[in-house]
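Chemist: Pasting in a structure now, in structure tokens, and then I'll have a few things to ask.
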Amino acid sequence: MIRNLVDYVDERLGVSPGARKLLRYIFPDHWSFLLGEIALYAFIVLVGTGVFMSLYYVPSDAEAVYRGAYEPLRGLTMTESYLSTVNLSLEVPAGLLMRQTHHWAANLMIIAIVLHLLRILLTGAFRKPREINYLVGVTLLALTVLEGFVGYSMPDDLFSGIGLVISYGVALSIPVFGADLAFLIWGAEYPGSSDFFPRLYIVHVLIVPVAIAGLIGMHMAMIMRQHHAQFPSKLATERNVVGYPMWPGYALKAGGLMFLTAAVLFLLGGLVQINPIWQWGPYEPYLASNGAQPDWYLGWLLGSLRLMPALEIQLGDLTLVPNAFWGGLVFPTITFMLMYAWPWIDRRWFGDRDKHDLLDSPRDNPRRTAIVISYFAWVLIIFIAGSIDRLYLSSTVPYEAQVWFLRIAVIVLPFVVYFATKRLCEELSAREPRPLRGWTGKVVRRTPAGGFETVELDEGVPAVDGANGRNGGPVVKEEAGAGEGARGS
Amino acid sequence: MSSPTEGASETHDREAGSKRGAENLVLLSLAAATLAAVAFGVLVIVLPDTQLLGLALGGSLALLGVAAVVAGQKIVPQEIAIEERTDFGERQPASEVVEMVRDAERGVSRRRLLVGAAGASGAALGAAALVPAVALGPKVGETIAQTPWSRGRRVVDSQDRPITADDVQVGAMLSGFPEGASRREFGASIVIVKVPPGELEISARMRADAPEGVLAFSKICPHAGCAVAIYRHPLYEPTTERPALVCPCHYSTFDVRRGGTLEFGPAGRDLPQLPLELNAARELVATGDFVGQIGPSYLGVRK
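Those sequence lines, one after another, are chains A and B. So the first sequence is numbered by my numbering: it starts at 1 and just counts up by one. So the second sequence is numbered by my numbering: it starts at 490 and just counts up by one.
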């Protein structure tokens, strides 16, 4: 049957040379290479659950009275957006499962991308020849965060409305054309225009997801064209790629990972509540609540708005640049510009313009590791400032003092983290026996006569590669060259 | 998608071990996955309970995942392959491509003019395509500054009952709305607090707008538009801070005794005050619009 099918397609499209290469495509193996895959699988779950929800969601600010099953909301006037999302959650069979799974999948996709980015930065995988793909990846992160925010805004519950009003305030704050831009996006003042929810909807279900899918396609096409980078080992050098062929083992394992990712997400969606919008109630401009938190991936923006001191550019009593501009736009722009520019900064800093298909271990390049970690620490402190609402008001330390502490930490801590990480990497790489680089030395062994002899080993010791024969893994029978070549140039 | 590698790949087969146990495990997982999938279908129709549905669907997917991973790791042949990488630059000299592109210029006398004209028309067309975007929103104009408040409007609570001066207690905060207007508007909601008149540190004009020490402010934070929903009132003043209205989003803090002036946080302006008076029934009545613009700041807003 397979033969007939392959023949049928091949006679018409001539695909077998390509298919042969695809089936033999080689994946180097390391657990950290799976982070990007997990993000992809989360995206697939998002598309599936999202299609389901799009059949029920009504993007409209038309007012309606709730007459559904949930007693506390009964008789309340609310928008169709909110009403339809409550009904999707509480009345549609499997609706809540799909919605919660969708929300968990969005969280997983973004955390997987962030960890993937961290891996890429720490191992130097962004270097030539992979700079273009790195830019695509950073763009994917930006689009995913945007998509998450738009999706979170659609139900028009209290928290989504607060998020929208803050983004409206940030848009207004843009110098020169901010107010006009905000009116273009929101269709008028927010809240107020009935054009706005249909716009959110089409951005969330068509424009951004299509862009994300297209960029994912580009990302993977470029990976296949260049092959994965790989960690140095006894076999892996700058000139080759060592790993598992796509078919059959890797495809089955990757498919298994996809099912397992989906399984975790559906189990979370079924068993662990997330964003119970019927409890928040509909958005009203006059309501807000302490402890109202956006999804975690927006915490860094909330934090930057909070930590910014009251600084505005004013001419007399005329406002020129409102405060929200700094935390809401300047900060994320700097954050992403640093990310985008990193391959070129790194290149200048280390004067390294060579191609690299072998990855660095983070400890091998203490300065790069230190700067990457301190960059993440910088964003993390600001993220923390956005996430400790309960602490701000419930601790005995006044929140003003906490905010001042965090303002200082944002400036000081990255330097501390830089020097601590650099020192740690240096210590680690000084102590490590470096099994990856081969080993030369002397071996003492017993002679047949009963004495001892010393043998010089300058060819390296076989079978120190982690993948070789351990854990029931495959055995490479062939003797390969010593480890020296592994470092390349 | 093509592999960049032309070099031969070497493979190393693993000795075939006993696969029977693994095959049994895969079969068992697949059977259980099938059952769980069927259970999901039945549950959707019979008992659409979110937890059970999640268990059934998640369980089915987990079992499929286990089956696939076990099959990939224990049943199918295992091998590690090695392939040479290709150096793209060497394989296809870029200069050849440049030559091919340049070929188009042969015999063209006014190349710059033509390219320039094409660029200009492209830019014009692109700009023309963007112009309809202007229709997405109205002109900012005056609408953004308008509020439903005017002289003589009574202040009502969320149940549309008029609020009297006696409803407002020192240390408590009330939300108020203009009688008979939509509450979904930024300019509508106000927050009402009471400060003993002797403690007020405000100008005579603001004092006149606060009968018996009852102060009303716009509830929309002038920083980013959240509702100023927290009233921080000291239990024992010598050891704690002054009474203040706090925005829970970014912690802009407005000193109530000083008439809503910014004390801490990112806001660039003070809370706009709504001038009040009391009518014969001691109900709160606006005597005009807010003093100062409500809502988040933008270019040109006056302090």
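All C-beta atoms, glycine included, are put in the ideal place defined by N, C-alpha and C. Please read these numbers as outputs of a predicted model, since none were measured by experiment.
#1: Can you tell me where the alpha helix (DSSP H) with B/A560 in it begins and where it stops?
#2: Quick check on the burial criterion: 16 or more other C-beta atoms within 10 angstroms. Buried or exposed for B/N768?
#3: Counting only C-beta atoms, is B/G669 closer than 8 Å to chain A at any point?
#4: B/Y720 lies in the beta strand (DSSP E); which residues open and close that run?
#5: Tell me which same chain residues have a C-beta within less than 8 Å of the C-beta of A/A359, skipping the five on either side of it?
#6: Taking all protein chains shown into account, do 16 or more other C-beta atoms lie within 10 angstroms of the C-beta of A/E11, making it buried, or fewer, making it exposed?
#7: Can you give me the Cβ contacts of A/V241 inside the same chain, cut-off strictly under 8 Å, excluding the 5 residues immediately before and after it?
#8: For B/I679 versus B/S647, is the C-beta distance shorter than 8 Å?
#9: Looking at chain B, is there any beta carbon in it that lies within less than 8 Å of the beta carbon of A/A553?
#10: Which residues in chain B have a C-beta closer than 7 Å to the C-beta of A/I166? List them in chain order.
#11: Residues in its own chain within less than 8 Å of A/A409 by CB, not counting five upstream and five downstream?
#12: Let me know if B/S786 comes out buried or exposed under the rule of 16 or more other beta-carbons within 10 Å of its beta-carbon.
#13: List, from N- to C-terminal side, the beta strand (DSSP E) runs of 3 residues or more that fit wholly inside the region 295–361 of chain A.
#14: Applying a beta-carbon distance threshold of less than 8 Å, which residues of chain B neighbour A/L319?
#15: For A/V461 and A/V455, what's the separation of their Cα atoms in angstroms?
#16: Can you check which of these residues, A/I132, A/A179, A/F43, A/K128, is closest to B/D793 by C-alpha distance?
#17: Tell me where the beta strand (DSSP E) around A/N290 begins and ends.
#18: Thinking C-alpha only, which one of A/D364, A/P248, A/P414 is nearest B/A570?
#19: Between the region 609–640 of chain B and chain A, which residues of the former have CB atoms less than 8 Å from a CB of the latter, in chain order?
#20: List, in order along the chain, the chain E residues whose C-beta lies closer than 7 Å to that of A/M308?
#21: Do the region 690–699 of chain B and the region 759–768 of chain B touch if we need at least three Cβ pairs shorter than 8 Å?
#22: Any residues in the region 238–256 of chain A with a beta carbon nearer than 9 Å to a beta carbon of chain B? Which ones, in chain order?
#23: What residues match up with B/E814 in a beta bridge as DSSP calls it?
#24: Could you tell me whether any Cβ in chain A is nearer than 8 Å to the Cβ of B/Q648?
#25: For B/G660, which option in B/A634, B/G676, B/I719 has the closest C-alpha, if you only look at C-alpha atoms?
#26: Considering only DSSP beta bridges, list what A/F419 is partnered with.
#27: Please classify A/Y57 as buried or exposed, where buried requires at least 16 neighbouring CB atoms within 10 angstroms.
#28: Please report the straight-line C-alpha distance between A/G151 and B/A617, rounded to a whole angstrom.
#29: Pick out whichever of B/G749, B/G510, B/R640, B/L704 has its Cα sitting closest to the Cα of B/T776.
#30: Should A/L252 be labelled buried (16 or more other beta-carbon atoms within 10 Å of its own) or exposed?
#31: Please state the DSSP three-state secondary structure of A/E63.
#32: Unbroken beta strand (DSSP E) runs of length 3 or more, entirely within the region 741–777 of chain B: which are they?
#33: For A/S193, which three-state DSSP category applies?
#34: Taking 8 Å as the cut-off, decide whether the C-beta atoms of B/G626 and A/G187 are in contact.
#35: Buried or exposed: where does A/S84 fall if 16 or more other Cβ atoms within 10 Å of its Cβ makes it buried?
#36: State the start and end residues of the unbroken alpha helix (DSSP H) segment that holds A/L115.
Modeler: Taking the structure as given:
#1: No alpha helix (DSSP H) holds B/A560; DSSP gives it neither H nor E.
#2: B/N768 counts as exposed, since fewer than 16 other beta carbons sit within 10 angstroms of its beta carbon.
#3: B/G669 does not count as touching chain A.
#4: Where B/Y720 is concerned, the enclosing beta strand (DSSP E) stretches over 719–721.
#5: Sequence inspection shows Leu at residue 359 of chain A; the Ala mentioned does not correspond to that position. The residues are T123, G124, A125, A229, Q230, F231, P232.
#6: exposed
#7: I26, P28, H227, H228, Q230, D357
#8: no
#9: For residue 553 of chain A there is no data in the structure shown, the boundaries of chain A being 1 and 489.
#10: A713, G714, C715, C738
#11: I381
#12: buried
#13: Segments of the beta strand (DSSP E) lying fully in the region 295–361 of chain A: 313–315, 318–321.
#14: One detail in the question is off: residue 319 of chain A reads as Thr in this sequence, not Leu. Result: G757, R758, S786, Y787, L788, G789, V790, R791, K792.
#15: Confidence in A/V461 is poor, its pLDDT being 43 and thus under 50, which makes the residue's placement too unreliable to answer from.
#16: In the structure displayed, chain B extends from 490 to 792; residue 793 of chain B sits before or after that span and is not available.
#17: Run containing A/N290: none; DSSP gives neither H nor E here.
#18: A/P248
#19: Answer in chain order: A622, V623, L625, G626, P627, K628, V629, T632, I633.
#20: No chain E appears in the structure shown, which is made up of the protein chains A and B.
#21: Under the Cβ criterion (8 Å, minimum of three pairs), the region 690–699 of chain B counts as touching the region 759–768 of chain B.
#22: With the criterion set as a beta carbon lying under 9 Å from some beta carbon of chain B, the members of the region 238–256 of chain A are E238, R239, N240, V241, V242, G243, Y244, P245, W247, P248, G249, Y250, A251, L252, K253, A254, G255, G256, in sequence order.
#23: Not covered by the structure: residue 814 of chain B. The range shown for chain B is 490 to 792.
#24: For B/Q648, the answer is no, since every Cβ of chain A falls outside 8 Å of its Cβ.
#25: B/I719
#26: A/F419 pairs with nothing; no bridge assigned.
#27: buried
#28: 31 Å
#29: Nearest Cα to B/T776 within the set B/G749, B/G510, B/R640, B/L704: B/R640.
#30: A/L252 should be labelled buried.
#31: strand
#32: 742–744, 750–753, 765–767, 773–775
#33: In this structure, A/S193 counts as coil in the three-state DSSP scheme.
#34: Cβ distance < 8 Å, so B/G626 and A/G187 count as in contact.
#35: Taking all protein chains in view, the Cβ of A/S84 is crowded by 16 or more other Cβ atoms within 10 Å, so the residue is classified as buried.
#36: 95–123
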